[in-house]
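Asks:
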Amino acid sequence: MYDSIDQLFTRAESLLAAGMHRRAARLLRDIATSPETPDSARKRAWHMIGEPQISADEKRRLEKEKDLLAAQRRQQLMDDRQRVLAYFTQGYSTTEVQSMTGRSKAFVAAWHKKWEDIQ
12 MYDSIDQLFT RAESLLAAGM HRRAARLLRD IATSPETPDS ARKRAWHMIG
62 EPQISADEKR RLEKEKDLLA AQRRQQLMDD RQRVLAYFTQ GYSTTEVQSM
112 TGRSKAFVAA WHKKWEDIQ
């Protein structure tokens with residue numbers, strides 16, 4: 012019986028991880044109210060039901076923050092590209108540009124090649 016209860020708990024946890032909170036709560040409620048379930052498993056099931064879940068508003072807020080960070084990273088990348096091209100225009104070498112921007116050797120070398128194509 013413990014194996015099947017453990018499998019049910021695993022299933023409930025995977026449902027929670029997938030965002031299917033209602034299905035997981037129903038499964039946990041079934042575990043908690045089953046007469047065959049030991050007391051320790053019932054307590055665990057009721058505890059899992061009672062844990063606060065992330066609300067839809069919280070999820071939207073987290074998504075907005077994630078999108079904002081992605082936009083900031085893209086903007087920083089564009090700024091770094093422009094800085095690299097400006098440094099090459101000013102006559103700096105690849106290693107100097109790399110040390111001034113903090114970008115990788117591959118990034119700077121790729122933009123150096125594009126800068127040479129432009130020239």
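Each residue of the sequence shown is one higher than the last, beginning at 12 in our numbering. Built from N, CA and C at the ideal position, the CB exists for glycine as well.
Would you grab the beta carbon distance between Arg92 and Trp122 for me? Rounded to a whole angstrom, and I think it's under 8 Å.
Replies: Yes, they are in contact, since the Cβ atoms of Arg92 and Trp122 sit about 6 Å apart, within 8 Å.
Asks: Please classify Ser115: does DSSP put it in a helix, a strand, or coil?
Replies: Coil, per DSSP.
Asks: With a 10 Å radius around its C-beta and 16 neighbouring C-beta atoms as the bar for buried, classify Ile129 as buried or exposed.
Replies: Ile129 comes out exposed.
Asks: With respect to the alpha helix (DSSP H) encompassing Met59, which residues constitute its N-terminal and C-terminal limits?
Replies: First-last of the alpha helix (DSSP H) with Met59: Asp50 to Gly61.
Asks: Which of the three DSSP states is assigned to Ala43 in this structure?
Replies: In the structure shown, Ala43 sits in a helix (DSSP, three-state: H, G or I).
Asks: Quick check: the Cα distance between Ala36 and Ala23, rounded to an integer number of angstroms?
Replies: One C-alpha to the other measures close to 8 Å.
Asks: If you follow the alpha helix (DSSP H) that Ala82 is in, where does it begin and where does it stop?
Replies: Note, Ala82: alpha helix (DSSP H), Ala67 to Gln101.
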